[in-house]
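Here you go:
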């Protein structure tokens, strides 16, 4: 599979929307795995990393679901290509920062991806739209079993899977759900949500994980600890928490519509007015405005064909994706803001 | 002439636009006059005020240009009617606050109005669109002469016309030009303008005169002193200053378009997007947004039929004018914001 084929075909989770209220965007499961008798990537020599990569990627590419997928070593990718994969959530920022001996393998459907020699020897990831952690866990587990049958995994009966960072020890699992929570943000309930989450060892962060802000009211909800609970327990707890949260968000929106219906309608209408007229739009502002449109759609005060593909639009307006659409090499931030505004205007006016 | 006829027919200066760049909205001349041997309105008893009014209004209504005009005693007007006349610049806030023995006479064209027993026994006013102070002075001077032939004006050869407040002594004239100066505001040159004006005894204030803010980048430029200069000198100096200022504003806009063309276009487009989509609009925001549209029109980056009548629109979106258009008696600020948004949306979408 070629890079352009990958980019030109949106991943299934970008165009499918399972959640009726458009509150839950995606469910993602990530597993950290390492080989025995080989230093972790951060401690390995370049030669050791390359040897590990040869072994792991060779086996991974044999797994049925990964066959015919997209494979690339990081050293062979341009800065822009790396950024494109980050924006698609197919590789992590951490992997993008690495080079020799690091690689990525992405399944044809783009649901599954395997990162080689990021922090751990192997990072397996599976993304699905809506709340589908259980299904994602089933899928990734299958890939994991096939790999485990072919590779000498570092596993300890007391500690579980051995990982480079002790915070991943045990299951090595991170289950994340990306949610759109404007109702809870506007009604100032997010602080409470974060506190309630913390008590369940669940963290609430911005769009691109640690250290990023909650642009466009998009939040990533993930389990914090990997030790002490089984995978099924983590999936179960995360599913329950995010389902409850979706319900809370829905209630917050209904309450807002009841108590300040005029203001909510005004906010949604203004967002539409700006998105369809502005000639410069930053990623941050575009996401925030799209956030209000989505909320308006879910409350039946606004309807638009273009909102069906909003996951795809959110992807397409990010810097590296935009740069691809630019006809010139000049990709100043201002130029990107202009292209971004053009794309959104076209998308929303149905051209 | 009935109140409703007055309100339903926009004044000529509201619908005519003489200035090619839409920078100068109106020119206005006001004269303060008093009778001899009668206390100023503020010192007079109610009976004295009523006697003066009978005399002055009786004579004023005989003047050809004022015949068949609208005449009302303030005690016979509702609060809303008073507010409507203030918003149309036909009476002052000061007159609106008064009652017994006070009145207004407005010519059929609504160019001329005479206030009775405001701060002075007589306040004559003439409004024209664009920079036409000289013409307005000619017109008001004619009315003034006709009144002077019929009434015993208080006049002193050394001090000129005697007025209740010493700041009006001399010519009793206030020449004001209302200007739209977004270019100078955005490029932060207004402070300089205010200082330059002060050196010429000219003041720069917000839309409704003293103590009001420059909403929508609308400024009232007036002569400060009435003593020492002849009427012709005041008109001449004010005409020169405001013509120069219009030129400066025009240059500021051109420079903005050259140096930050994308930002200017974006600002204008966003204003249009908000005006045509918002469902709640305060007077202040509406004026500010209309201000950008007008600027865009003058720079040929935006064109719209509706902008031709922008003076009328600015009038129609003010609180009392809006209240008239409301179908219910409930005129909460929020309800007015809603009607205001409706009016503007209709006006701009050409319905």
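Protein chains in written order, with UniProt numbering: chain A, 1 to 351; chain B, 1 to 351.
In this text, a Cβ means the ideal position worked out from N, Cα and C, and glycines have one as well.
Here the structure is a predicted model, which is why all the values come from computation and not from measurement.
| Query | Result |
| --- | --- |
| Could you check if residue 223 of chain A is buried or exposed, using at least 16 other CB atoms within 10 Å of its CB as the buried criterion? | buried |
| So with CB distances below 9 Å, who are the chain A contacts of residue 272 of chain B? | 273, 277 |
| Counting Cβ pairs closer than 8 Å, one from the stretch 151-166 of chain B and one from the stretch 67-86 of chain B, do we hit at least three? | no |
| Classify residue 200 of chain B as helix, strand or coil using the three-state DSSP reduction. | coil |
| Can you find a C-beta in chain A that's less than 7 Å from the C-beta of residue 259 of chain B? | no |
| Name the DSSP beta bridge partners of residue 73 of chain B, please? | B:103 |
| Closer than 8 Å by beta-carbon distance: list the chain B residues that pair up with residue 338 of chain A, in chain order. | 262 |
| Which stretch, first to last residue, makes up the beta strand (DSSP E) that contains residue 177 of chain B? | 173-180 |
| Could you pull the DSSP bridge partners for residue 126 of chain B from this structure? | B:29, B:112 |
| Does residue 93 of chain B come out as helix, strand or coil in the three-state DSSP assignment? | helix |
| Mind pulling the alpha helix (DSSP H) runs of 4 or more residues that sit fully within the stretch 194-281 of chain B? | 231-259, 261-275 |
| In whole angstroms, what is the alpha-carbon distance linking residue 227 of chain A and residue 59 of chain A? | 28 Å |
| Which chain A residues sit within Cβ distance under 7 Å of residue 266 of chain B? | 278, 279, 280 |
| Roughly how many angstroms lie between the CA atoms of residue 24 of chain B and residue 260 of chain A, to the nearest whole one? | 40 Å |
| Is the CB-CB distance between residue 126 of chain A and residue 29 of chain A below 7 Å? | yes |
| Figure out for me which residue from B:77, B:48, B:31 has the closest Cα to the Cα of residue 37 of chain B. | B:48 |
| Using a Cβ-Cβ cut-off of 7 Å (strictly less than) and excluding sequence neighbours within five positions of residue 65 of chain B, which residues of its own chain qualify? | 107, 112, 143 |
| Taking the alpha-carbon positions, what's the residue 100 of chain B to residue 295 of chain A distance? | 56 Å |
| Is residue 160 of chain B helix, strand or coil when you go by DSSP? | strand |
| Exposed or buried, which one is residue 182 of chain A when buried takes at least 16 other CB atoms within 10 Å? | buried |
| From residue 196 of chain B to residue 97 of chain A, what distance separates their C-alpha atoms? | 57 Å |
| Nearest by alpha-carbon distance to residue 124 of chain A: which of A:83, A:87, A:130, A:171 is it? | A:171 |
| Kindly indicate which three-state DSSP category residue 183 of chain A falls into: helix, strand or coil? | helix |
| Can you check which of these residues, A:335, A:275, A:105, A:338, is closest to residue 90 of chain A by C-alpha distance? | A:105 |
| Check the Cβ of residue 334 of chain B against every Cβ in chain A and list those closer than 7 Å, keeping chain order. | 262 |
| What in chain B is Cβ-close to residue 303 of chain A, meaning under 9 Å? | Those do not exist, as residue 303 of chain A stays about 15 Å from chain B at its closest Cβ, beyond 9 Å. |
| When you compare only the Cα positions, how much space is there between residue 210 of chain A and residue 94 of chain A? | At residue 210 of chain A the pLDDT is 49, less than 50, meaning the model places this residue with poor confidence; the figure from the coordinates comes in the next sentence. Roughly 11 Å separates the two Cα atoms. |
| Hey, is residue 291 of chain B's beta-carbon within less than 7 Å of any beta-carbon in chain A? | no |
| Could you tell me the boundaries of the alpha helix (DSSP H) in which residue 43 of chain B lies? | That residue, residue 43 of chain B, is in no alpha helix (DSSP H); it is neither H nor E in DSSP. |
| According to the neighbour-count rule (16 or more other Cβ atoms, all chains shown, within 10 Å of its Cβ), is residue 248 of chain B buried or exposed? | buried |
| Just to make sure I have the definition right: I need the residues of chain A whose C-beta is within less than 7 Å of the C-beta of residue 269 of chain B. Which are they? | 277, 278, 279 |
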